[in-house]
Amino acid sequence: MIDYIQPDYEVVRNKDLCIKCKVCVRQCANEVHVYDEKRDVLFADNSKCVNCHRCVTLCPAKALKIVKTDHCFKPSANYTKEIIYDIYRQADTGGVLLSSMGTPKDYPVYWDKILINASQVTNPSIDPLREPMEIKTFLGRKPEKIEYAADGSIKTEKYPNLELKTPIMFSAMSYGSISKNAHMCLARAAEELGTFYNTGEGGLHEDLYKYSPNTIVQVASGRFGVHADYLEAGQAIEIKIGQGAKPGIGGHLPGQKIGPDVSRTRMIPMGADAISPAPHHDIYSIEDLRQLVFSLKEATDYKKPIIVKIAAVHNIAAIASGIARSGADVIAIDGMRGGTGAAPSRIRDNVGIPIELALASVDSRLREEGIRNNVGIVVGGSIRSSADVVKAIALGADAVYIATPALLALGCHLCRSCHSGKCNWGIATQSPELVRRLNPDIGYKRLVNLVTAWSHEIMEMMGGMGINSIEALRGNRLMLRGIGLSQKELDILGIGHAGE
Amino acid sequence: MDEIEQRLAEVAEKNREGNVRIPSGCAICGYFSRKGKALPAVDAVDAMAYMHDRSNGLGGGFAGYGIYPDFADHYAFHIFYDNEKAREDAESFLKLRFDVSNMERIPTRKVYGISGAPLIWRYFGKLQPEIAAHTELDEEEYVCRSVIHINTKIKGAYVFSSGKNMGVFKGVGFPEDVGEYYRLGDYKGYCWTAHGRYPTNTPGWWGGAHPFNILNYTVVHNGEISSYDANRRFMEIYGYKCTLLTDTEVITYIIDYLHRKRGLKLPDVAKVIAPPFWSQIERMDAPEREKLTTLRNMYASLLITGPFSIILGYSGGMMALNDRLKLRSMVAAEKDDVTYISSEECAIRSICPDPDRTWSPAGGEPVIVELDNKEGGR
Amino acid sequence: MKRVYVNEEWCLGCRLCEYWCVFSASGEKHFPFAFDGGAKPPAGIRVESAGGINFAVNCRHCDDPLCMKSCISGALSRDDHGAIRIDKAKCVGCHTCIAMCPYGCIVSGGESMPIKKCQLCASRDYTPQCVSHCPAGAIVFEEE
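Residue numbers (the numbering used here), protein chains in the order written: chain D, 1 to 500; chain P, 501 to 878; chain H, 879 to 1022.
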């Protein structure tokens, strides 16, 4: 059989620097680097390289680099190399193409076309190093009515809310798709940061129940790992309807990732692919969602907010409005640029809408309908920096979910090969040899550092705007201006153009 | 009209309140007699003159309470008209809904420095009994919506005062000139608030001057709030339309919503607008902590950040409040039963040279005074 | 005293510690110069791997050091930090210490030095380079 696929990357070894310590050989799970004892030479099999930089990063002599190959086809703007190779691959296998993490395609990143305001003269900026700067956030439904008791105290309806010390949470990533050590890092970081991590749909490993006060548990269409103790362990329960990277389809965990621990945690057989259904088979319409929301509330005595997570799709505003009336306490919206452990490439690259537009239209719609206070809004799907967080909150979000930045902090190099299960960084793998490359003692601190740094930056930007409380930033679209956007885009985002 | 005038008119229309957001610096002042003594309006005019440099001649105004004892149970509508057509439209709208007992031009006098005045009329009316009986709304809400209707739907008409036994007098000019223009020497009331404006733009519209009023609430405000759009978009959920794009407008609506519609007590309204920091709340006793946590969470989007000092006038009371960092000056004083509030102490001393005490209210700590013999605030 | 410890739970067997040890002791400024053309001189730390377990071993700087006791020329002594150091001028290369060390942590040296053992990177302000450069945080330098 002819192998039509030529390597995308080339490993370049600087022989003057290389000391032949062979750490590259020992560390590459893809077996790219080979040492030939007889000839005393190191060489690289480029066809196996996924460009994850494990070898480059660990090489003590800095003798390695990975370059994009300049091997090429006749140039065509229409049939690019990627498209040609995809066709070869499908002609080879007859299968659906799989990929991981967020889409690499060049869709507009609206965050980068939005600018933030600052105070000058007419009102003062506030110095976060010298003045209090508040970013504590409550997530959940707000009471409608308020009454005074005889003693002057107030009475309201009570709805469970999550209390976040910073408006940044770790988005759902299941145990199975990522390693137990990665989960441990997220849980410990959430605990130290006073925020939450999300189990994803893979259940909760028994060793992680102790992080319950900072855990959100997910109930997805496969119901993997869902039982009474699991629901009780979460401070909130998230119903996953959809995911930004793959709207309309369910999760897929390959059988080779399902060893004894994952099998026990998910309550599924070892070695068999875990494929969650595309829809929830008890939710074929919005009224069914209401029943699941209230089933979960009944099961947990109305003590936990229910989050409904949906992928950003075309009709998002109407869908969100339906969810807000379904009894859900929080809507989590996941944009199309969001990451994933495995998704069909065509879906990842073509289905859904960017989170910025989805957020703006949902927030506007819920306000128009007078139900914005019924729900919290959390957005994810490519929140890449503290500036993105500030812009999301000013557009109307209560808090954000981050996942890819969290993985990057743990060492991920975005090689987009999670589905192979051979993550050299010990994150998206279940191989014990690889999993232990991620030491939670180190990993959790890196996550804490990242979110702490972002929080400081959020405060800096708020202070610049003369805002000292995150509530006053939420939905404050006057603090944003578009740059290089069409009038239609500005209208959807509900912001003016720079200079206006 | 020659070309330059036409261009100026176009610019004025483009920059009119409501078409553009105009930050302003300001002077404010107010005084209140707890015993309900009839205090002269001219004191407010004098006090504002002492703070002349805090205004720039582009807006001044006054609000008085207890000024129409003969029509105490009537709504007193003060209306600006751009032309007679607007007057006819508004009057026919009003007469369909209100029994109007008295209507007149508000008396004014020619003053150097005041020009471009609209037609200014005043009406005393009661809601027609059959409307009151059949509307689904309570009376105040009905009146409120009628005012909003005139202001947004009848071109060239603007109701700038709509409470009972109270009135707003405002215009474009320095506040002392505006006071002179409206012949405020003829008015007395138990409470007066005043405002001088320093806008960073050149609005020529009289409706944009302050105090801002809805029903019996008036607000004078000094500052530029950074939370504006968060506050505005929240209020719009509840049917308020912020057409003027000013801080004062949205603050007034917030107070109207919390105090009149939601029934919050004024000290609690102050705690929503300018709450203590979480670090302070955490140190409070459990009942207070729980209450403030609930209020902050419930009305998170009504928290106001950025510098402000406001004086709220309402039927039977007055409240002064600073932002929680106290980014704007505000001084209070007392002499016998009269409480004074001002941006600067000099203004108070100009009308009350020997106060019993003066103090600088802390950020977020409201100063509330109410009539002794009347249950004013809720 | 502070010693270098290895947590086998996290040791990946990548053996970077060995190379940093050699570099540290070499006194060279640039990493590759410590390894002329890829020949690796002996290191003061050594990774043992078997059955999926990796473990790096190095001198324990024993409280009752047999190497010091057995040294016939007085070339081994304990310094202020508790590290057992080699005096190159005194060492006669008899290798008695190698035979005596119960942990096998002294090895035959290269051309410039008769024996090789961990001296806690005394020449680098007692900042053991194997610890600073362990990618897994498996090697620590701490009190027992």
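For glycine and all other residues, C-beta sits at the position ideal for the given N, C-alpha and C.
Quick one: does residue i have its CB under 8 Å from some CB of chain D?
{"i": "Gly-559/P", "result": "no"}
{"i": "Glu-736/P", "result": "yes"}
{"i": "Lys-514/P", "result": "no"}
{"i": "Lys-791/P", "result": "yes"}
{"i": "Trp-705/P", "result": "no"}
{"i": "Phe-1019/H", "result": "no"}
{"i": "Leu-803/P", "result": "yes"}
{"i": "Ser-726/P", "result": "yes"}
{"i": "Tyr-883/H", "result": "no"}
{"i": "Pro-1013/H", "result": "yes"}
{"i": "Leu-825/P", "result": "yes"}
{"i": "Leu-744/P", "result": "no"}
{"i": "Gly-960/H", "result": "no"}
{"i": "Ser-843/P", "result": "no"}
Between which two residues does the alpha helix (DSSP H) harbouring residue i extend?
{"i": "His-552/P", "result": "That residue, His-552/P, is in no alpha helix (DSSP H); it is neither H nor E in DSSP."}
{"i": "Val-678/P", "result": "675-681"}
{"i": "Ile-442/D", "result": "440-464"}
{"i": "Ala-360/D", "result": "355-368"}
{"i": "Trp-898/H", "result": "894-904"}
{"i": "Asn-936/H", "result": "Element bounds for Asn-936/H: not the alpha helix (DSSP H) but the beta strand (DSSP E), 931-936."}
{"i": "Met-946/H", "result": "944-948"}
Report yes if the C-beta distance between residue i and residue j is below 8 Å; otherwise report no.
{"i": "Ala-312/D", "j": "Ile-333/D", "result": "yes"}
{"i": "Ile-458/D", "j": "Ser-386/D", "result": "yes"}
{"i": "Gly-396/D", "j": "Lys-113/D", "result": "no"}
{"i": "Cys-937/H", "j": "Cys-996/H", "result": "yes"}
{"i": "Met-169/D", "j": "Ala-428/D", "result": "no"}
{"i": "Arg-499/P", "j": "Ile-620/P", "result": "Since the first residue shown for chain P is 501 and the last is 878, residue 499/P is missing from the structure and cannot be characterised."}
{"i": "Asp-329/D", "j": "Pro-344/D", "result": "no"}
{"i": "Ala-1000/H", "j": "Ala-961/H", "result": "yes"}
{"i": "Glu-206/D", "j": "Ala-220/D", "result": "no"}
{"i": "Val-362/D", "j": "Ile-383/D", "result": "no"}
{"i": "Ala-538/P", "j": "Asn-713/P", "result": "no"}
{"i": "Val-719/P", "j": "Asn-731/P", "result": "no"}
{"i": "Cys-423/D", "j": "Leu-410/D", "result": "no"}
{"i": "Met-133/D", "j": "Met-462/D", "result": "yes"}
{"i": "Pro-910/H", "j": "Lys-994/H", "result": "no"}
{"i": "Gly-561/P", "j": "His-759/P", "result": "no"}
By the DSSP assignment, the beta strand (DSSP E) with residue i in it spans what residues?
{"i": "Ile-154/D", "result": "154-156"}
{"i": "Ser-842/P", "result": "838-842"}
{"i": "Met-101/D", "result": "It is not in any beta strand (DSSP E) - Met-101/D carries neither H nor E in the DSSP assignment."}
{"i": "Trp-111/D", "result": "Per DSSP, Trp-111/D belongs to no beta strand (DSSP E) and is neither H nor E."}
{"i": "Ser-125/D", "result": "Careful: Ser-125/D lies outside any beta strand (DSSP E) and carries neither H nor E."}
Are the C-beta of residue i and some C-beta of chain H separated by less than 8 Å?
{"i": "Gln-27/D", "result": "yes"}
{"i": "Ala-61/D", "result": "yes"}
{"i": "Cys-21/D", "result": "yes"}
{"i": "Leu-17/D", "result": "yes"}
{"i": "Asn-30/D", "result": "no"}
Beta-carbon of residue i versus every beta-carbon of chain P: anything under 8 Å?
{"i": "Arg-481/D", "result": "no"}
{"i": "Gly-496/D", "result": "no"}
{"i": "Met-461/D", "result": "no"}
{"i": "Met-465/D", "result": "yes"}
For residue i, return the contacting residues in chain B, with the cut-off set at a CB-CB distance below 7 Å.
{"i": "Gly-891/H", "result": "In the displayed structure, chain B is absent; the protein chains listed are D, P and H."}
Quiz item: Which residue spans inside the stretch 282-337 of chain D form an unbroken alpha helix (DSSP H) run of at least 4?
Solution: 286-299, 316-324
Quiz item: Where are the alpha helix (DSSP H) runs, 4 residues long or more, that stay fully inside the stretch 623-656 of chain P, in chain order?
Solution: 629-634, 639-653
Exercise. May I ask you to verify whether the stretch 794-808 of chain P touches the stretch 706-714 of chain P, counting CB pairs closer than 8 Å and requiring at least 3?
Key: no
Self-check item: Given 8 Å, three or more beta-carbon pairs between the stretch 156-168 of chain D and the stretch 181-198 of chain D
Solution: yes
Exercise. Give a yes or no on contact between the stretch 474-492 of chain D and the stretch 95-107 of chain D, applying the rule of three or more CB pairs nearer than 8 Å.
Key: no
Exercise. Examine the Cβ distances between the stretch 741-752 of chain P and the stretch 642-659 of chain P and report whether three or more of them are shorter than 8 Å.
Key: yes
Quiz item: Using 8 Å as the threshold, is the stretch 112-128 of chain D in touch with the stretch 466-480 of chain D, meaning 3 or more CB pairs across them?
Solution: yes
Quiz item: Does the count of Cβ pairs from the stretch 207-227 of chain D and the stretch 264-272 of chain D closer than 8 Å reach three?
Solution: yes
Self-check item: Every unbroken alpha helix (DSSP H) inside the stretch 36-92 of chain D [4 residues or more]
Solution: 54-58
Practice problem: Enumerate, from N- to C-terminal direction, the unbroken beta strand (DSSP E) stretches of 3 or more residues contained entirely within the stretch 367-445 of chain D. | Solution: 376-380, 399-402
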